[in-house]
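Quick note on numbering: the working numbering labels position 75 of the sequence shown as 80, and the sequence is numbered without any gaps.
Here a beta-carbon is modelled for each residue, glycine too, at the ideal position from N, C-alpha and C.
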Amino acid sequence: MAADVASDLTRPVQPSIITLMKLAHVNDDDTPDTPASADSRDGLTAPVRRSELVRHIEAHGPVRLEELVDMFRVSAMTIHRDLDYLAREGLIERVRGGARAKPHPFAEQDVRLRRVTRVALKNALAAEAALLIRPGDVVAFDDSTTVAAMLAHLGERAPSAVVTHALGLMRELTLTHPQITLVGLGGQYVLETDSFLGAVVVEQLSRVSADVVFVSTTALKNDALFHPDAAAAETKRALLARADRTVLLLDDTKFEGKGLYHVADLADFDDVVVNAELAPEHRASLDALAARVPTLQIHYVSAPTGG
């Protein structure tokens, strides 16, 4: 059976979403074999290169080793090591002469992968969203990496308290902004999201309130948000119910994301912060919805060059 898998490089594979990414504590001893050029993949660290490898393999199906060597401008040995590492972590399947995606259509990307993906764009969206915080506000954050990027702006925006179920954000907040009251929500810890999810978190949320809540999600379809995980969707819905103002941070990839469980309708939000580089049909859809819903405001943010 293994031989059958290894020999079938050309069979089409449905792109999948990654279930587990173990990129922590990786020794980055790889350097580009050619000088840096205009190619955005030149000079990537090993964790970032591997995350980009997984994204490319998932988007394009089976790929050959030679194609990846040319694309990432590193040696064949480096790509071999990367693919072996990713296969051991269960993120891809090795096949003869290359690799292909693993079929996991309804699972969220691991947080450690998301933290090194589209970082500049996430920072730009977070900076715009942070402008919606007024001094003294109680703010609530979900466990998305885009929302987590808002942490850098909390000092200047001066909220009085932060409510969150994201463990990484709790740790960072206590170190960088000890003057801000932290209300940490606990429950069942989920490694892939580095957060607490489910019924216990939802019950705790019933006893708090916030002035403004910031969330993101995996997929947007038919003017509604969806998420591949039922517990995560339930937790986000509970967060949205506890705030006077609701803000969605969104990027163009979410219009093609996969989701199974309904989180909220776009019309339920007060603000949507999204990058301006959308497909014309997606931008037209957002503008049409804002025209129908006077309480909804769309904030378009230009993506940073190279971000």
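Report all residues from its chain with a CB closer than 8 Å to the CB of residue 284; omit the five preceding and five following residues, and keep chain order.
Excluding the 5 residues flanking it on each side, residue 284 has same chain C-beta neighbours closer than 8 Å at 257 and 260, in chain order.
Taking the beta carbon of residue 75 as the centre, do at least 16 other beta carbons fall within 10 Å, making it buried, or is it exposed?
Exposed.
When the Cα atoms are used, what is the spatial distance from residue 153 to residue 187?
Going from the Cα of residue 153 to the Cα of residue 187 covers about 14 Å.
Give me the Cβ distance between residue 215 and residue 248, rounded to the nearest whole Å; I'm assuming they're in contact under 8 Å.
In this structure residue 215 touches residue 248 by the C-beta definition: roughly 4 Å separates them, less than 8 Å.
Quick test of the definition: if touching needs 3 or more C-beta pairs under 8 Å, does the region 209-226 touch the region 175-187?
As far as the Cβ criterion goes, the region 209-226 does not touch the region 175-187, which means the pair count is below three.
In terms of DSSP beta bridges, what is residue 146 paired with?
Beta-bridge pairing links residue 146 to 169 and 219.
Excluding the 5 residues flanking residue 71 on each side, which residues of the same chain have their C-beta closer than 7 Å to its C-beta?
Within the same chain, and ignoring the five residues on either side of residue 71 in sequence, no residue has its Cβ closer than 7 Å to its Cβ.
Keeping to the same chain, check which residues put their C-beta closer than 6 Å to that of residue 262; ignore five residues upstream and five downstream.
Exclusion of the five residues before and after residue 262 leaves 223 and 224 as the residues of its chain whose Cβ lies within less than 6 Å of its Cβ.
For residue 62, which three-state DSSP category applies?
Helix at residue 62.
Residues in its own chain within less than 6 Å of residue 309 by CB, not counting five upstream and five downstream?
Closer than 6 Å at the Cβ level, and outside the excluded window around residue 309, lie 125 and 129.
Rounded to whole angstroms, how far is the Cβ of residue 201 from the Cβ of residue 232, which I believe are closer than 8 Å?
Actually they are not in contact, since the Cβ atoms of residue 201 and residue 232 sit about 16 Å apart, beyond 8 Å.
Hey, would you say residue 98 sits closer than 7 Å to residue 105, going by beta carbons?
The answer is yes: Cβ separation under 7 Å.
I believe residue 238 touches residue 268 by the beta-carbon criterion, under 8 Å. Please report the beta-carbon distance rounded to the nearest angstrom.
About 5 Å; that satisfies the 8 Å criterion.
Residue from 253, 102, 207 and 156 with nearest C-alpha to residue 69:
For the residues 253, 102, 207 and 156, the minimum Cα distance to residue 69 belongs to 102.
Per-residue burial, residue 82 [other beta carbons within 10 Å of its own, 16 or more giving buried]
Classification of residue 82: exposed, given that the 10 Å Cβ count is below 16.
First and last residue of the alpha helix (DSSP H) that includes residue 127?
Note, residue 127: alpha helix (DSSP H), 124-135.
Contact set for residue 38: own chain, Cβ-Cβ below 6 Å, skip 5 residues either direction
Summary for residue 38: the model assigns pLDDT 37, below 50, so the residue's position carries little reliability, and this model does not support an answer.
Alpha carbon to alpha carbon, what distance is there between residue 288 and residue 240?
Roughly 28 Å separates the two Cα atoms.
Is residue 205 closer than 7 Å to residue 168 when the C-beta atoms are compared?
No.
Quick one: give me the first and last residue of the alpha helix (DSSP H) that residue 321 is part of.
The question about residue 321 has no answer here: the residues shown for the chain are numbered 6 through 312.
Restricting to Cα atoms, I'd like to know which of 235, 251, 60 and 141 is closest to residue 195.
Measuring from the Cα of residue 195, the nearest candidate turns out to be 235.
Could you pull the start and end residues of the alpha helix (DSSP H) that residue 297 belongs to?
Start and end: 285-297.
Range of the contiguous beta strand (DSSP E) that encloses residue 267:
Under the DSSP assignment, residue 267 falls in the beta strand (DSSP E) whose first and last residues are 266-270.
Taking the C-alpha atoms as reference points, what is the distance between residue 279 and residue 303?
Spanning the alpha carbons of residue 279 and residue 303 requires a straight line of approximately 7 Å.
Residue 304 - DSSP class collapsed to helix/strand/coil:
Three-state result, residue 304: strand.
For residue 62, which residues from the same chain have a beta carbon less than 6 Å from its beta carbon, with the 5 sequence-adjacent residues on both sides left out?
Only 68, 97, 104 and 106 meet the Cβ criterion.
8 Å contact criterion, which residue 275 and residue 251 should meet: CB distance rounded:
The C-beta distance from residue 275 to residue 251 rounds to 5 Å, short enough to fall under 8 Å.
Going by CA-CA distance only, name the one from 142, 243, 290 and 91 that's closest to residue 228.
For the residues 142, 243, 290 and 91, the minimum Cα distance to residue 228 belongs to 290.
Alpha carbon to alpha carbon, how far is residue 100 from residue 177? Give it in angstroms, no decimals.
Between residue 177 and residue 100, the alpha-carbon positions lie close to 40 Å from each other.
What's the gap between the Cα of residue 163 and the Cα of residue 132?
Answer to the nearest angstrom: the Cα atoms are 14 Å apart.
Can the beta-carbon of residue 157 be found closer than 7 Å to that of residue 210?
In this structure, residue 157 lies away from residue 210, with their beta-carbon atoms at least 7 Å apart.
Three-state secondary structure (DSSP) of residue 174:
DSSP places residue 174 within a helical segment (H, G or I) once states are collapsed to three.
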